[in-house]
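Working notes for the structure below.
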Amino acid sequence: MSSRRRLSSQIFIAQLGILSATTLIGFVLFAHAERSHLDSQFETRAATIASAAASDDQIRECVANDRPGCANTIQRIATQIAHSTGASYVVVIDLNRVRLSHPDPSLIGEKVAEPIVTRDGQIHTGIDNGATGRSANGKAPLYGPDGDMVGEVSAGIRESSVSQELWHELPSYAVWFLLALAVGAVASWELARRLKRRTFGLELDEIAGLLQEREATLHGIREGVVAFDRSGRVSMMNDEAHRLLDIGTAAPGSKLEDLLPPGRLRDALLEDRSTGDDLVLTDDYCLVVNRMPVSIGGQPQGAVVTLRDRTEINAILRELDGERDLSGALRAQQHEFANRLHAVAGMLELGHVDEALDYVLEVRGTTAQFDETLRHHIAAPQIVGLLLGKAAEAGERGIELVIDPATRVGVAPGRVVAMTTIIGNLVDNAFDSLVDVPPPRRVELSVVEDDDGVTIVVADNGPGVPVTARHRIFEDGYTTKTGDGPRGIGLSLVHRLVTRAGGTIALADGPGATFTVTLPRSRHVGPEAVA
16 MSSRRRLSSQ IFIAQLGILS ATTLIGFVLF AHAERSHLDS QFETRAATIA SAAASDDQIR
76 ECVANDRPGC ANTIQRIATQ IAHSTGASYV VVIDLNRVRL SHPDPSLIGE KVAEPIVTRD
136 GQIHTGIDNG ATGRSANGKA PLYGPDGDMV GEVSAGIRES SVSQELWHEL PSYAVWFLLA
196 LAVGAVASWE LARRLKRRTF GLELDEIAGL LQEREATLHG IREGVVAFDR SGRVSMMNDE
256 AHRLLDIGTA APGSKLEDLL PPGRLRDALL EDRSTGDDLV LTDDYCLVVN RMPVSIGGQP
316 QGAVVTLRDR TEINAILREL DGERDLSGAL RAQQHEFANR LHAVAGMLEL GHVDEALDYV
376 LEVRGTTAQF DETLRHHIAA PQIVGLLLGK AAEAGERGIE LVIDPATRVG VAPGRVVAMT
436 TIIGNLVDNA FDSLVDVPPP RRVELSVVED DDGVTIVVAD NGPGVPVTAR HRIFEDGYTT
496 KTGDGPRGIG LSLVHRLVTR AGGTIALADG PGATFTVTLP RSRHVGPEAV A
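Printed below as a string of structure tokens:
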């Protein structure tokens, strides 16, 4: 038998064995019950024969009066009754327990061993192991013509007759049992076939191996995996998902609403869509959530959600963006410096010395002023590099980036990574708000470090934040912008960083938008988990 049929064959053989044993035991029990029933029937029949013999007037008269010739009369009548009814014997006994008739004439006149049980006037039945062998027995009291008890009549039917009747009935019942066994075998075969289809033809050891591989894979990968059944209940959650969602132990069958508080993370896990990755921020992590519905045979079976931790990657990307901005600013300055040198060289070559001097002085006063302001007010190289890149971007977009003269930042301020993330996101948000604003477009930045902490102020002359949106601008995923790519992340990220640092962020009323962030020195914000 091939290995692909081994599982179904094992199931079929096991069920067939159980059905056969059950049928055999049931048939034996039925035969035993039927034998008891036949014994009872034949005992009743023997009692009826004994009662008929005890009602015969000649037997009653002869036993009561013991006249000459009565012995032959009693034997003759008892033998006739036995032959006509099929009884093995009809024995007449007087009150002295002496046999007056018997199939074996030599026993006539002998006493029986057992007492006369019909003295109570009742008919008695049972199994008798007498001189003629085992038989179903019935005993009836014998009364004389005057109504006095004069003896007892015992009639018996041999056990062979009962057995004969049983063997005559059993074949018909056996047919029904075999038919039931055949129906059960067909049902077992169909069940084994269906189980084989449901297990996709896999054997038991293959199913066990797949389960072990599944557990090892799901709990060994670096991504969180959550599976939902068709009713929306959690059917599986690996260790990484427990860690990223900060869920202790989730019993299979739990509702996600019972495991997570309301918020964007829970909505992203439950939202029935398949539009790709969704960036979600939590208190500790920056997660990429992807939910895919699962269908088998066109029927929905639930969904699988994957969670990827991008916390460290985002922090690295933020630092890389700062370095990229700085490199871009340096390339732009190099390109611009080369163009200006070419212009000066051309004017000198044409003999326009005065015009060349004026041009050099103008360039020195405009480009060097911003660099000098940065170096004079900000000593932290990370922030300087970020702002140089933002200045180059502002120049390309036609925006004036102004550093407030009150700005003061040391070489190694506390929470420099968080400060870089906060400044970068607020400045980017200000630049985006000026896209549809006609010139002049202006963004002002102030960063003041003192003994109490750091205060960051970013203001623009854009349209400002609508009143109806002010209570939602810090929600994860909420945005008033349009376009592709992740939206609603910047201000939410800033808000979470500020909150974790024990600081505050506020939006001031007035023309444009002015965000004020305070970061105290009294608390440490750890590794800026979602920076």
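Heads up: the sequence shown begins at 16 in the numbering used here, then just goes up one per residue.
Every residue, glycine too, gets a C-beta built ideally from N, C-alpha and C.
Keep in mind the model is a prediction, meaning the values are calculated, not measured.
List the whole-angstrom C-beta distance separating residue i from residue j, where the pair is believed to meet the contact cut-off of C-beta under 8 Å.
| i | j | result |
| --- | --- | --- |
| Gln316 | Arg430 | Actually they do not touch by this definition, with Cβ atoms about 47 Å apart. |
| Ile92 | Ile74 | 6 Å |
| Arg196 | Thr38 | With the sequence shown as reference, residue 196 is identified as Leu, and Arg is not the correct amino acid for it. Yes, Leu196 and Thr38 are in contact; Cβ-Cβ is about 5 Å, under 8 Å. |
| Leu302 | Ala256 | Not really, about 10 Å apart at Cβ, beyond 8 Å. |
| Leu403 | Leu389 | 7 Å |
| Ala189 | Phe57 | With 8 Å as the limit, Ala189 and Phe57 do not qualify as a contact, their Cβ atoms being about 22 Å apart. |
| Ala353 | Met362 | No, Ala353 and Met362 are not in contact; Cβ-Cβ is about 15 Å, not under 8 Å. |
With 16 other CB atoms within 10 Å as the buried threshold, where does residue i fall?
| i | result |
| --- | --- |
| Asp475 | buried |
| Lys211 | buried |
| Pro542 | Reliability fails at Pro542, whose pLDDT of 41 lies under 50, so the model's placement of it is uncertain and the value that follows must be treated cautiously. Pro542 is exposed by the Cβ-count criterion. |
| His52 | exposed |
| Leu280 | buried |
| Leu512 | buried |
| Ile28 | exposed |
| Pro526 | exposed |
| Arg134 | exposed |
| Ala407 | buried |
| Pro501 | The predicted model places Pro501 with a pLDDT of 47, which falls under 50 and marks its position as unreliable, so this point remains unresolved. |
| Ser35 | exposed |
| Gln95 | exposed |
| His510 | buried |
| Arg306 | buried |
| Ile520 | buried |
| Val295 | buried |
Is the distance from the Cβ of residue i to the Cβ of residue j below 9 Å?
| i | j | result |
| --- | --- | --- |
| Ala155 | Ile138 | yes |
| Gly124 | Arg114 | yes |
| Ala318 | Ala242 | yes |
| Thr422 | Gln397 | no |
| Leu284 | Leu271 | yes |
| Glu459 | Val472 | yes |
| Thr483 | Thr531 | no |
| Gly106 | Val127 | The identity of residue 106 in the sequence shown is Val, whereas the question assumes Gly. Yes, these two residues count as a Cβ contact at 9 Å. |
| Arg515 | Asp467 | no |
| Leu274 | Val304 | no |
| Ile488 | Leu449 | no |
| Ser598 | Thr140 | Residue 598 is absent from the model: the chain starts at 16 and stops at 546. |
| Pro579 | Tyr104 | The shown model of the chain, from 16 to 546, leaves out residue 579, and the question about it has no answer. |
| Asp451 | Pro478 | yes |
| Val424 | Val368 | no |
Using the DSSP secondary-structure output, state which residues sit across from residue i in a beta bridge.
| i | result |
| --- | --- |
| Asn144 | Arg149 |
| Met251 | Ala242 |
| Val319 | Ala242 and Met307 |
| Thr94 | Answer by DSSP bridge pairing: none, since Thr94 is not bridged. |
| Ala528 | Asp475 |
| Ile33 | According to DSSP, which records beta bridges pairwise, Ile33 is partnered with nothing at all. |
| Met164 | Tyr158 |
| Asp324 | Leu302 |
| Gln314 | Ile311 |
| Gly171 | Tyr104 and Asn152 |
| Gly468 | Pro535 |
| Ile418 | Leu460 |
Do you know whose CA, among the options, lies nearest residue i's CA?
| i | options | result |
| --- | --- | --- |
| Ala528 | Pro160, Leu506 and Leu512 | Leu506 |
| Val442 | Pro428, Ile418, Leu280 and Ala395 | Ile418 |
| Ala67 | Ala97, Ala195 and Leu401 | Ala97 |
| Gly239 | Ile262, Gly224, Glu228 and Ile222 | Ile262 |
| Arg454 | Glu464, Gly410, Thr470 and Met307 | This sequence places Pro at residue 454; Arg is not what is there. Ranking the options by Cα distance to Pro454, first place goes to Gly410. |
| Thr533 | Arg306, Asp282, Met252 and Ala433 | Ala433 |
| Arg456 | Leu416, Gly439, Thr483 and Ser169 | Leu416 |
| Gln30 | Asp161, Glu205 and Val78 | Glu205 |
| Pro308 | Glu286, Leu225, Asp324 and Glu272 | Glu286 |
| Ser116 | Val168, Leu508, Met251 and Ser55 | Val168 |
| Asn152 | Tyr158, Pro160, Met164 and Gly171 | Gly171 |
| Ser150 | Asp135, Arg323, Asp465 and Ala61 | Ala61 |
| Asn444 | Leu508, Lys126, Arg390 and Val424 | Leu508 |
| Ala102 | Asp273, Ile64, Val132 and Ile131 | Ile64 |
| Ser70 | His367, Gly159 and Ala521 | Gly159 |
| Val480 | Gly439, Glu490, Asp524 and Thr519 | Asp524 |
| Val426 | Val452, Val399, Phe446 and Asn440 | Val399 |
| Asp163 | Leu110, Lys405 and Val132 | Leu110 |
| Met252 | Val320, Arg306, Glu387 and Gly477 | Val320 |
| Gly439 | Val462, Lys405 and Gly517 | Lys405 |
| Glu49 | Pro186, Glu490 and Arg325 | Pro186 |
| Thr100 | Gly313, Arg173 and Asp72 | Arg173 |
Return no unless some Cβ of chain C is closer than 9 Å to the Cβ of residue i.
| i | result |
| --- | --- |
| His391 | Here chain C cannot be found, since the structure has a single protein chain. |
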